[in-house]
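Take 0 as the starting number for the sequence shown in numbering that gives the first Met the number 0 and just add one per residue. To start, the structure itself, in structure tokens.
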Amino acid sequence: MVARELGTLIVEATNRRTLLGLGRDAPRTKGPALDPRRLPADRLDYLIQTHRDIALVDALRIERERRHRQG
């Protein structure tokens with residue numbers, strides 16, 4: 000096996016192990032850096048309590064209310 004191929008396989012295996020360690024089967028889809036719709040509920044609540052940007056906190060609160068209305 001050529002060293003270049005071996006290097007590629009090592010990188011792929013490392014990336015796969017990292018993803019599995021994060022509980023994912025595939026890489027995260029590209030999107031906004033902080034999309035409130037994609038945040039888990041516990042992270043949403045944490046950011047509402049701790050983030051310094053009031054505009055972002057307002058957007059997070061709107062998302063939390065939307066989730067509560069949906070049930």
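Ideal placement from N, C-alpha and C gives every residue a C-beta, glycine not left out.
For residue j and residue i, the rounded distance between their alpha carbons
{"i": "residue 67", "j": "residue 19", "result": "31 Å"}
{"i": "residue 62", "j": "residue 49", "result": "16 Å"}
{"i": "residue 40", "j": "residue 47", "result": "11 Å"}
{"i": "residue 64", "j": "residue 8", "result": "45 Å"}
{"i": "residue 15", "j": "residue 54", "result": "36 Å"}
Cβ-based burial, residue i [other Cβ within 10 Å; buried from 16]
{"i": "residue 21", "result": "exposed"}
{"i": "residue 35", "result": "buried"}
Supposed contact pair residue j and residue i - C-beta distance, whole angstroms, cut 8 Å
{"i": "residue 59", "j": "residue 43", "result": "6 Å"}
{"i": "residue 30", "j": "residue 37", "result": "7 Å"}
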